[in-house]
Amino acid sequence: MDVKRQEIADTLLREVAKCRACRFCVDMCSLYQATEGVESMAPYGRLQIIKCLLNGALDEDDPIVYSLYSCLQCGRCDGLCQAKGQNLEVSYLIRLGKYLLSHGLVKGGHDEKV
Ligand code: SF4
Ligand code: SF4
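Per the numbering used here: the sequence shown = residues 1 to 114.
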């Protein structure tokens, strides 16, 4: 398996596991607000999608994974998670998940560019 891919996957699984599922970040996301509460469009939902992609519970062809691409990278969820003491870089984790997905690396493909 590609080393960079494995490092990113390990980082994602480690960091997402720190999420306490408090969902304080959810209401901060303008896309969650715009969709009137679609869970997959919330920061917390996107982290769960990444976890499910990496542990095999979700296929990379599932349409729900495209919510990772909809993230605006505004960082509002980061500030909220930090304010609540969990300090996850949520938007960065979503960006890493999107990277794996867009480069076909969720299932362990090869790519040298990060
Ligand atoms: S605020 Fe942080 S710990 Fe709470 S659900 Fe969101 S990402 Fe997880
Ligand atoms: S960075 Fe993405 S997930 Fe976080 S609040 Fe902004 S749009 Fe929502």
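The beta-carbon is built from N, C-alpha and C at its ideal position, and this holds for glycine as well.
Check residue i in the structure and name its three-state DSSP category.
i, result
"Asn87", "coil"
"Ala34", "helix"
"Lys18", "coil"
"Gln73", "coil"
"Val106", "coil"
"Ala57", "coil"
Confirm, please, whether the CB-CB distance from residue j to residue i is below 8 Å.
i, j, result
"Glu60", "Leu101", "yes"
"Cys25", "Val90", "yes"
"Glu15", "Leu88", "yes"
"Met28", "Arg95", "no"
"Gly97", "Leu58", "no"
Tell me whether residue i, by its Cβ, gets closer than 7 Å to a heavy atom of ligand 1.
i, result
"Ala21", "yes"
"Lys84", "yes"
"Cys25", "yes"
"Val106", "no"
"Leu80", "yes"
What's the gap between the Cα of residue i and the Cα of residue j?
i, j, result
"Arg44", "Lys107", "Note that residue 44 is Tyr in the sequence shown, not Arg. Between Tyr44 and Lys107, the C-alpha separation is close to 22 Å."
"Ile50", "Ala83", "23 Å"
"Lys4", "Leu12", "12 Å"
"Ser30", "Asp62", "23 Å"
"Lys113", "Leu53", "Low confidence applies here, because Lys113 scores a pLDDT of 48, under 50, leaving its location unreliable and the question unanswered by this model."
"Ser70", "Lys18", "23 Å"
"Tyr32", "Ala9", "25 Å"
"Gly79", "Gln86", "10 Å"
"Gly104", "Ala42", "23 Å"
Considering only heavy atoms of ligand 2, does any lie closer than 7 Å to the CB of residue i?
i, result
"Ile64", "no"
"Leu68", "no"
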